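Heads up, the sequence shown is in UniProt numbering, so the first residue is 1 and it goes up one at a time. Quick reminder that beta carbons are idealized off the backbone N, C-alpha and C, glycines included. Quantities reported herein were computed from a predicted structural model and do not represent experimental measurements. Report on the following structure.
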Amino acid sequence: MCVGIDNDFLLMAAWRQTDPSKESRIRLGESLMEAGPSLTITSATDIMCFLIGCISGTPAVSSFCLFTATSLSFRYIYQMTFYAAIMIFEGRCDEKHLNHKNHSTVFIEKKFSNYLPCKSVLELVNRRRHSPTTVPRSEYFMHKFFRIYWARFLMLKAVRVGGACLLAAYVAFSLCKASLFIVNITPERIITDDSPMVKIFQNAEKFYWPYNAVGHIFVLSPPDFRNATNRRRMSAFISRIEKTEYFTTSPQVGTTVWFRDYLNYLNFLISADSDDDYWPEFYQHLESFLLTGDNSKFISDIYFTSDHSTEGEPNIEKFQFRSFFQNVTTWNDHVELMLHWRRACAKFPEFNALVADHSSLNPYLDQRLSLSPTTLQTMGVALLSMTVVTGLFMPDVIGIFYITLSFISVDIGVIGFLQVWNCDLDPATLTGIVMTIGFSVYYTARVCYNYQCADKNLDAEGKMRCTMGAVVSLDLSMKKRLSRERKTRQISSDSESP
């Protein structure tokens, strides 16, 4: 809700530095000329950053970034239209002297006089607002402190060397910690700490999931099993699913699939050789097989065509089977097992097979795979995009370089200290990283912009005073004032010289 409100203060400060004797439209033009580049660059980089976040593989993060980018776009439009119109209205009221007693003070007296201790407060506020002897902004304590003392402090050689060393240590420490940043998405992270589901997930992870990892395999394009080659390919596919260190020792116990039992049934019933090139009887006895003994458990695994009573013709549209695994103790084990299943499915593309974990952990497993590369991709594209956007408004290449360096240091620092605080990479931290990429441009862009726009005749300390005065107090015309002061001192020195 508060994002971008500093741009309003920036535009308001630029308005206050204009000449009140000029027309409102001229004052608005001067205000936009002063504050427009800084306002635009911060808004553009914010919008660009969140638009890049829309490419995230996490739907929640993608939706959040899309909605935020849309709201930031409307914020910028409203600032440049409605807010500017309100400033014009305020200026015209000043021109007509409508902001005097009749509007502001009378309204306050009517509404709040009963709650104020004395009317002298109202008189003081009104006199403070309209008195021509109001203390100049340059004499405000904070403004004076940053413009004079802080700028002078920053220009000390020891401070500059110490700051560079501190920055190097900060980046080195952050890089070291960022290298330890890991992806960790678990169901517990999306529920509150006092939820009963926390204990359920903890017990399931400790006692159930390590010994009951079940893979559901869906074969969406079954072949014609009358052909021996297709039967061998299906047997090889099932064996490939089972070929992992997590599989139970006995395939008869570890995999529940109708195909193997049906082959044994046919061998017993018609003494058929499984290596025969063609079995015309394969589909003829399938119905009797499903009605024999406990084979009825396979009925729900097979989805027949609309007319599954076709004599001898293929009538299986799709089917499923299950494979049981053990010792899958960690989340990394779950990920490795899922990758093994998918590699097996990719090796037999003609079956159009899909594999899913029975415990409904698939969304978390997929996110553990995609979140890390998505984060790196988002950060890289955001860095490049904001460098380009900054270059459109920054008049100096050196300024662009330092702003880009600031982006990198801020992002590395955020990731590094997230690891220090025992935070792992998940959708919530990804959203925070995306936000820091956009918001890190605020002060760096304004500092560099004001420094580069300062009077070229000023020395380094004068430019720093101009920059600190403009950024800290939002006084964008400080560079003009410092230039006038310098010229005045120069004229005085010239007049005193013989």
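8 Å Cβ cutoff met for Ile-182 and Asp-424: yes
Residue burial classification, Lys-96 (beta-carbon count within 10 angstroms, cutoff 16): Lys-96 should be labelled exposed.
Backbone CA spacing between Ser-62 and Arg-152 [nearest angstrom]: 45 Å
Three-pair Cβ contact test at 8 Å for the segment 404 to 421 versus the segment 432 to 444: yes
Close-in-space but distant-in-sequence residues of the same chain around Pro-20 (CB under 6 Å, 5 per side omitted): none
Cβ-based burial, Leu-166 [other Cβ within 10 Å; buried from 16]: Counting Cβ neighbours within 10 Å, Leu-166 comes out exposed, since fewer than 16 surround it.
Residues of its chain near Tyr-115, where Cβ-Cβ distance is below 6 Å and the 5 sequence neighbours each way are ignored: Low per-residue confidence applies at Tyr-115: pLDDT is 49, beneath 50, and the placement is therefore not dependable, though the value from the model is reported in the following sentence. Once the five neighbours on either side are set aside, Tyr-115 has no close Cβ partner at all.
Residue burial classification, Ser-38 (beta-carbon count within 10 angstroms, cutoff 16): So Ser-38 ends up on the buried side.
Whole-angstrom C-beta distance between Thr-244 and His-340, which should lie under 8 Å: The Cβ separation is near 5 Å, so the contact holds.
Buried/exposed call for Phe-268, threshold 16 Cβ in 10 Å: exposed
Phe-141 versus Arg-465 - alpha carbon distance: 15 Å
Same chain, Cβ closer than 7 Å to Phe-304, neighbours up to 5 away in sequence not counted: Spatial neighbours of Phe-304 in its own chain (CB-CB distance under 7 Å, excluding positions within 5 residues in sequence) are listed in chain order as Asn-315, Ile-316, Glu-317.
Sheet register partners of Gln-320 (DSSP bridge): Phe-218
Tyr-246 in three-state terms, based on DSSP: Taken through DSSP and simplified to helix, strand or coil, Tyr-246 comes out as coil.
Backbone CA spacing between Leu-392 and Trp-421 [nearest angstrom]: For Leu-392 and Trp-421, the distance between alpha carbons rounds to 37 Å.
Residue burial classification, Pro-349 (beta-carbon count within 10 angstroms, cutoff 16): exposed
6 Å Cβ shell around Ile-185 - same chain, five flanking residues per side excluded: Hits under 6 Å: Tyr-364, Gln-367, Arg-368, Asp-426.
Candidates Leu-458, Asp-8, Arg-240, Asp-261, of which the one nearest Lys-347 by Cα: Arg-240
Cβ separation of Phe-201 and Pro-187, assumed to be a contact under 8 Å, to the nearest whole Å: The C-beta separation of Phe-201 from Pro-187 comes to about 5 Å, placing the pair in contact by the 8 Å criterion.
Closest by C-alpha distance to Leu-180, when choosing among Asn-450, Thr-429, Leu-418, Met-197: Leu-418
Leu-430 versus Asp-261, Tyr-402, Ile-47, Phe-64, residue with shortest Cα-Cα distance: Here the closest residue by C-alpha is Phe-64.
Beta-carbon proximity list for Ala-445, same chain, < 7 Å, skipping 5 on both sides: Ser-38, Ile-41, Thr-42, Thr-390, Ile-403
Sequence-distant residues of its chain with Cβ nearer than 8 Å to Gly-254 (five each side left out): The answer, listed in chain order, is Glu-242, Phe-247, Thr-248, Ser-323, Phe-324, Phe-325.
Cβ distance (whole Å) where Val-355 is taken to contact Ile-217 below 8 Å: Approximately 5 Å separates the beta-carbon atoms of Val-355 and Ile-217; this is inside 8 Å, confirming the contact.
Cα-Cα separation, Tyr-278 to Thr-256: Distance between the alpha carbons of Tyr-278 and Thr-256: 25 Å.
As assigned by DSSP and simplified to three states, the class of His-100: Confidence at His-100 is low in this model, with a pLDDT of 49, below 50, so its placement is unreliable and no value can be given for it.
Secondary structure of residue 510, DSSP reduced to three states: No information on residue 510 is available, as it lies outside the stretch 1 to 498 that the chain covers here.
Beta-carbon spacing of Gly-432, Leu-175 below 8 Å: no
Backbone secondary structure at Tyr-451 - three-state DSSP: DSSP places Tyr-451 in helix when its eight states are reduced to three.
Per-residue burial, Lys-101 [other beta carbons within 10 Å of its own, 16 or more giving buried]: Reliability of the predicted coordinates at Lys-101 is poor, the pLDDT of 47 falling under 50, and the value obtained from them is presented with this limitation in mind. By the 10 Å Cβ count, Lys-101 comes out exposed.
Alpha carbon of Asp-301 to alpha carbon of Tyr-283, nearest angstrom: 16 Å
Cross-strand partners of Phe-304 (DSSP beta bridge): Ile-316
Integer-rounded CB distance, given that Ile-299 should sit under 8 Å from Leu-290: 5 Å
Rounded straight-line distance, which links the Cα of Ser-370 to that of Pro-59: Just so you know, the alpha carbons of Pro-59 and Ser-370 end up roughly 12 Å apart.
Neighbour-count burial assignment, Lys-199, 16 or more Cβ in a 10 Å radius: exposed
Distance between Ile-55 and Ile-398 (C-alpha atoms, nearest Å): About 31 Å.
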